[in-house]
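Take 191 as the starting number for the sequence shown in the working numbering and just add one per residue. Please read the structure below before turning to the comments.
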Amino acid sequence: MVYYSLKFTRLKIYYQNVRGIRTKLKDVYCQIACCDYDVIVFTETWLLNGIYDSEITDDRYVLYRRDRSKRIFNSKDSGGGVLIGISRKYKSYRVLDYESSCDDLWVKLLLPSCNGIQEISICGVYLPSPIKVNILDHFISNANRVLEEVAECLILGDFNINTINWIYNNDSIVNSRLCANSKVEQSLWDFITLNDLRQHNDLLNHNKRILDLVLSNMDNINISKPSHVLSKIDLHHPPVQVSLTFSKKVVNIPITTHTKLNYFKADYNSICTALQEIEWHWEFSSCVSVDAMVEKFYYIIRELIHKHVPRKIVKNNKYPYWFSKQLIKRLNEKNRLRLRVKKYNNPMDMISLNLLKKRCSRMSVACFNSYTASLENKIVTNPKLFWSYIKQKRGGSSNYPRAMSNGVEVSENIETISDYFASHFSSVYDNSFNIVPSTHPGSVDRQNITPLNTVTLTETQIKEVLHKLNINKGAGPDLIPPIFVCKTANEISLPLMLIYNKSLQAGVFPSVWKDSNIVPVFKCNDKSIVSNYRPIAILSVLAKVFEALICPILSWHLKQYLSNNQHGFMKGRSTASNLVSYVESLVGAVDSRVQVDAVYTDFSKAFDTVNHSILLEKLQLYGVTGPLLGWFASYLTDREMKVVLNGICSSPYAASSGIPQGSHLGPYLFTLFMNDIEQCFQNSEAHLFADDLKAIKMIRNQEDILLFQSDLDRLADWCDQNKMSLNIKKCKHIRFTRNRGIVNSRYSIYNELLEEVHVIKDLGIQMDPKLKFDLHINDCVLKASKMLGFVLRESGNFKKPATKIILYNSLVRSHLEYCSVVWSPSYRIHIDRIEKVQKRFLWHLTRSCNMTRTLKSYEERLSHFKIPSLETRRKIIDLLFLKKLVTGFLDCPDLLSRINFNVPHRLPISCNSKLFLAPQGRTNLRSHCSLTRMFALYKEYQSRIDLFSTSMAVIKKVVIGD
């Protein structure tokens, strides 16, 4: 039975001009964790986009921010920044159309009332001082437009108008003194009068003035001093608590407890003993199909799970996870005392309440410090816990907004939102692709192709894969986690071998292993729009084990047929090998004063639109036949997916095309599907990394342009034949040359001209026409500096220098070293600029250790903390790349063909003679390019390093020792 009651609820809104919170993030974070405000509004936050929401508050709030940036009315100074935090108990979303060029932020809050939904538009605004008429008029004209559309509004902000005296008169605060010559005051008063607003704030600052206004057209508003202050108080801007009373219908239902299986405390001895007693051949003897065998296997396993795996109660804690029991007890006591003060207004209770508030604030900081200290102490024994905390602070929360939109409708019902995601993710598939694949041989000559028609797996192979599973991963759609499979590997390897081999012989992939759970992961922009998420597929553990056993066999079979220009999903190749090979091709031509035209393509949803029929035909042409071909056909087709959102599943939908994402076989199959695309480029050179394709052609005259265009036409034909779609708007054309006179060229695909650009990002590297890489260096320094700011803020919570160094190496240095073999700087100005980031970190590290007087120079700090300079590390990276290339760890025939060894005429070979012959160039471009730089660097260490025998660890020590 469900009972309804009418309840009057007070919405608690906190407003404060914080005068910057970048230096008080830890205190603000701890204070927000102890408060119970429904809405938090900060002005003058002085935040930048490098500061994450999770550094400001925990997951109880959805933050909307308009950070400090240049505004149209103030070209010299930056805006103050506005922040609005809404409790996840309520539905809310940001309205960008309402915002002006001033620092105003508009959020719609939907409250459940007795009459349905009460919609309130909340605006946080900051107008800089001294206030100017044109700025105020711009905000007012925009607000007038907004207030014509909304019924109820609440505007809170710093208007910086200190010449108005506000008095309370007949339940409203009005302007008591109005100077006729003041256009600012007159504009504000006209705005208030026109929209029937009232200024409710009556809390004066130390100058007996009101700078922060609370404007609203609602009557049910009460102003008071905050019960809990969130940031240090500025005398000019006292904080304000706004109470908004509304009625809502409360559904009184019994509270149910949620339980889940605790596999980490399961009785695996009893489970393994029971599994050893099962005669699997006899159990499977009555099963006529693979699906029946899998069903029987799961029935036995689930019976054992039910008997020997305990359950644990999962509670939804409204407090942060780092709160201690004592702190929670004191907070509950504070809430009870606050209600008593409100009811009886006893002065002694008020004194006790104030003391309890201060105690809770101190305890909150102490609990947070204690938690971070425990993380630091467990960084070796339990690194996952430490990095989970860092991920959460960087905004890696899995929480979703309470209300989400599919672009047409907005809903806060989680089942509806799950269906929104399912509809969006399924829209990329094309049902016309669901064609029964052809089993007839193709027209390609198959005389030199070795057939692969059957695969047989052994119990030993299965055990090896099972024992290597990561037990900390979650379960798939079958709800069996890796820890259970790993702990029972010796006992279940036999039944799995029987199932796997039966599946391969029958050419049927088990139906239950085709199901996938889809988890939406946020990409960018607005979190409340489902199109801003990408799908991550969660597959069954046993299905992924099956794929992991097939992958090496398929890889070995296809390796000899796959293109050397494909670097994606290929063992021994990477983004670095792709880019080095690509840049070497460009450098040779540009240094010879030859113009190189490049076309970058972009496939629309390449992995999701792979045609199953065409893929199976290509598999057949490369020798996969018989039952194995049928097995792949079964593996690809009839797959069912459902979106899982906070435990709620959407309606299932079919994946009628595409490669199964999250699978082991998917990358290999996609590489095979794209393998013949390079045949389109008969007059140019193609470089591939998965679906990222770039083609280059040396241009000397108009005839070369026509030849390159013919290759692009063949690419369009290939897309039509393979039913792949190019996003022409994202396909770009760039011209690489250092010549003053260029050959004008324009290219098109499907008769649509490609956009010509002067800078393009290629696998994370900014490519410019002259191959200087100065733009990329600027970009990576900015990214690293932004991340360094995060590290410095968070490292204040940790005491050990080793912890701070780990954070720096993982989050900052990685930005400064990604693919440095491609763009490693040769000019001192760029070397020093990159090194400056590490200097800043080491200065902070030295200061936190109170060693600034003893470690004065950068070199002394490097030596003390045993950190090599970034310039030294780039040398190590170059030498290791060269070693891997010449010893076969890197599988890149194109780069190997560019290496020329110096063969002396007389023996023995002198240790001072060159091992490599570097190509001669006209300009510094050739001498600074990757391979030439590596050859010159190796010559410096040739007397102490042998690329073919010296280990990588020794190479590092030799270079660091210098």
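Using N, Cα and C, we set each Cβ at its ideal position, and we do this for glycine too. Because the structure is a prediction, the values reported are computed rather than measured.
| Going by other Cβ atoms of all chains shown within 10 Å of its Cβ, with 16 needed for buried, is VAL1011 buried or exposed? | By 1-based counting over the sequence shown, the position of residue 1011 is 821. So VAL1011 counts as buried.
Thinking C-alpha only, which one of LEU732, ARG258 and SER794 is nearest GLU234?
-> Position 44 of the sequence shown holds residue 234. Selected option, being the one with the closest Cα: ARG258.
Problem - Burial state of SER616, where buried means 16 or more other Cβ atoms lie within 10 Å - result: As a working note, residue 616 is residue 426 in the sequence shown. Burial of SER616 is indicated by the presence of at least 16 other C-beta atoms within 10 angstroms of its C-beta.
* How long is the line joining the alpha carbons of ILE743 and SER730, rounded to whole angstroms? -> Residue mapping note: residue 743 aligns to position 553 of the sequence shown, counting from 1. Residue mapping note: residue 730 aligns to position 540 of the sequence shown, counting from 1. Each residue's alpha carbon lies about 21 Å from the other.
**Message:** Please list the terminal residues of the continuous beta strand (DSSP E) segment that includes SER282.
**Reply:** The sequence position of residue 282 within the sequence shown is 92, counting from 1. For SER282, the enclosing beta strand (DSSP E) starts and ends at 281–284.
**OP:** Whole angstroms is fine: what's the gap from ASP361's alpha carbon to ILE382's?
**Re:** One-based indexing of the sequence shown puts residue 361 at position 171. One-based indexing of the sequence shown puts residue 382 at position 192. Confidence at ASP361 is low in this model, with a pLDDT of 48, below 50, so its placement is unreliable and the value that follows should be read with caution. For ASP361 and ILE382, the distance between alpha carbons rounds to 16 Å.
**OP:** Put ILE661 into one of helix, strand or coil per three-state DSSP.
**Re:** Here residue 661 is taken as the residue at index 471 of the sequence shown, counted from 1. Coil at ILE661, not helix or strand.
Take PHE863 and list the residues in its own chain whose beta-carbon comes closer than 7 Å to its own, dropping the five residues that flank it on each side.
If you number the sequence shown from 1, residue 863 lands on position 673. Closer than 7 Å at the Cβ level, and outside the excluded window around PHE863, lie VAL800, LEU805 and LYS808.
From which residue to which residue does the beta strand (DSSP E) around GLY347 run? Residue 347 sits at position 157 when you count from the first residue of the sequence shown. Residues 342–348.
Next item on the list: Look at the alpha carbon of ILE1135 and the alpha carbon of ILE1145, and state the distance between them as a whole number of angstroms.
Entry: Position 945 of the sequence shown holds residue 1135. Position 955 of the sequence shown holds residue 1145. Cα to Cα, the separation comes out at about 7 Å.
Check: Nearest CA to the CA of PHE321: which residue from CYS313, ILE351, VAL336 and LEU344?
Finding: Working through the sequence shown from its first residue, we reach residue 321 at position 131. It is Ile, not Phe, that sits at residue 321 in the sequence shown. For the set CYS313, ILE351, VAL336 and LEU344, the Cα lying nearest the Cα of ILE321 is the one of ILE351.
### Message
Need the endpoints of the beta strand (DSSP E) that VAL786 sits in, please.
### Response
Position 596 of the sequence shown holds residue 786. Run containing VAL786: 785–790, per the beta strand (DSSP E) assignment.
Under 8 Å by Cβ, that's how I've got VAL1241 and HIS923 pegged, so tell me the actual separation to the nearest angstrom.
Nothing about residue 1241 can be reported from this structure: the residues present for the chain run from 191 to 1152 only.
field: For GLY314: DSSP bridge partner residues
entry: Locating residue 314 in the sequence shown gives position 124, where the first residue counts as 1. In DSSP, GLY314 forms a bridge with LEU295 and LEU346.
*Quick one: using the 10 Å Cβ neighbour count with 16 as the cut-off for buried, is CYS714 buried or exposed?*
To locate residue 714, count along the sequence shown from 1; it is residue 524. So CYS714 ends up on the exposed side.
### Message
Need the endpoints of the alpha helix (DSSP H) that TRP680 sits in, please.
### Response
Position 490 of the sequence shown holds residue 680. The sequence shown places Asn at residue 680, rather than the Trp named in the question. Taken as a continuous stretch (DSSP letters only), the alpha helix (DSSP H) holding ASN680 covers 679–696.
task: Assess, as a yes-or-no matter, whether the region 382–391 is touched by the region 238–254 under the definition of 3 or more beta carbon pairs within less than 8 Å.
output: Touching, no, given that fewer than three Cβ pairs across the two stretches are closer than 8 Å.
### Task
Give the single residue among VAL773, VAL484 and LEU575 whose Cα lies nearest to the Cα of GLU686.
In the sequence shown, the residue the question calls residue 686 occupies position 496. As written in the sequence, residue 686 is Leu, which differs from the Glu given in the question. When each option's Cα is compared against that of LEU686, the closest is VAL484.
Note to self: Alpha carbons only, please: which of LYS502, LEU517, LYS202 and THR993 is nearest the one belonging to ALA563?
What the structure shows: Here residue 563 is taken as the residue at index 373 of the sequence shown, counted from 1. Among LYS502, LEU517, LYS202 and THR993, the Cα nearest to that of ALA563 belongs to THR993.
### Task
Report the three-state DSSP secondary structure of GLY210 (helix, strand or coil).
The count along the sequence shown starts at 1 and reaches residue 210 at position 20. Three-state DSSP puts GLY210 in coil, outside helix and strand.
Item to complete: Using the Cα positions of ILE461 and GLU467, report the straight-line distance between them to the nearest angstrom.
Response: Walking along the sequence shown from the start, residue 461 turns up at place 271. Walking along the sequence shown from the start, residue 467 turns up at place 277. Whole-angstrom Cα-Cα distance: 10 Å.
Next on the checklist: Comparing C-alpha positions only, which one of SER282, VAL618, PHE736 and VAL1027 sits nearest to GLU654?
Outcome noted: Along the sequence shown, read from residue 1 onward, the residue named residue 654 stands at position 464. Among SER282, VAL618, PHE736 and VAL1027, the Cα nearest to that of GLU654 is on PHE736.
Going along the chain, which residues of its own chain have a beta-carbon closer than 7 Å to the beta-carbon of GLY816, five neighbours each way excluded? Here residue 816 refers to the residue found at position 626 when the sequence shown is read from its first residue. Closer than 7 Å at the Cβ level, and outside the excluded window around GLY816, lie ASN643 and THR644.
Nearest-angstrom Cα distance between GLY597 and ASP716? If you number the sequence shown from 1, residue 597 lands on position 407. If you number the sequence shown from 1, residue 716 lands on position 526. Cα to Cα, GLY597 sits roughly 12 Å from ASP716.
- In whole angstroms, what is the alpha-carbon distance linking LEU403 and VAL949? By one-based count along the sequence shown, residue 403 stands at place 213. By one-based count along the sequence shown, residue 949 stands at place 759. VAL949 has its alpha-carbon roughly 47 Å from the corresponding atom of LEU403.
Closest Cα partner of TYR1216 within the set MET594, SER683, THR606 and ALA880: For residue 1216 there is no data in the structure shown, the boundaries of the chain being 191 and 1152.
*asked:* Just to confirm my understanding: we take ASP781, look at its own chain, exclude 5 residues before and 5 after, and list those with CB closer than 7 Å. What are they?
replied: Residue numbering aside, residue 781 sits at position 591 when the sequence shown is read from its first letter. Here the set comprises GLY1111, ARG1112, THR1113, LEU1115 and ARG1116.
- [ ] Let me know the secondary structure DSSP gives GLU830 once reduced to three states.
- [x] Against the sequence shown, residue 830 aligns to sequence position 640. Three-state DSSP puts GLU830 in a strand.
- Message: Tell me the DSSP secondary structure of GLU599 in three-state form.
- Response: In the sequence shown, residue 599 corresponds to position 409, counting from 1. GLU599: coil per DSSP, three-state reduction.
Could you check how far apart the C-beta atoms of LEU965 and ASP882 are, in whole angstroms? I think they sit under 8 Å.
Along the sequence shown, one-based indexing puts residue 965 at 775. Along the sequence shown, one-based indexing puts residue 882 at 692. Not confirmed; about 20 Å, so no contact.
Could you tell me which residues DSSP puts in a beta bridge with PHE1091? Stepping through the sequence shown from its first residue, residue 1091 is reached at position 901. Per DSSP, PHE1106.
> How is LYS1056 classed by DSSP in three states: helix, strand or coil?
Replying inline: In the sequence shown, the residue the question calls residue 1056 occupies position 866. Secondary structure of LYS1056 (DSSP, three-state): coil.
| message | Looking at ILE276: is its Cβ nearer than 8 Å to the Cβ of LEU299? | response | As a first step, residue 276 must be located in the sequence shown, where it is residue number 86. As a first step, residue 299 must be located in the sequence shown, where it is residue number 109. Using a Cβ distance threshold of 8 Å, ILE276 and LEU299 count as a contacting pair.
CA-CA distance, ASN589 and LYS450?
Counted from its first residue, the sequence shown places residue 589 at position 399. Counted from its first residue, the sequence shown places residue 450 at position 260. For the pair ASN589 and LYS450, the Cα-to-Cα distance works out to about 20 Å.
Where are the alpha helix (DSSP H) runs, 4 residues long or more, that stay fully inside the region 548–621, in chain order?
Restricting attention to alpha helix (DSSP H) runs no shorter than 4 residues, the region 548–621 encloses them at 573–583 and 604–616, ordered along the chain.
* Asked: Do MET831 and SER706 have their C-beta atoms within less than 8 Å of each other?
  -> Counting from 1 along the sequence shown, the entry for residue 831 is found at position 641. Counting from 1 along the sequence shown, the entry for residue 706 is found at position 516. Closer than 8 Å, so yes.
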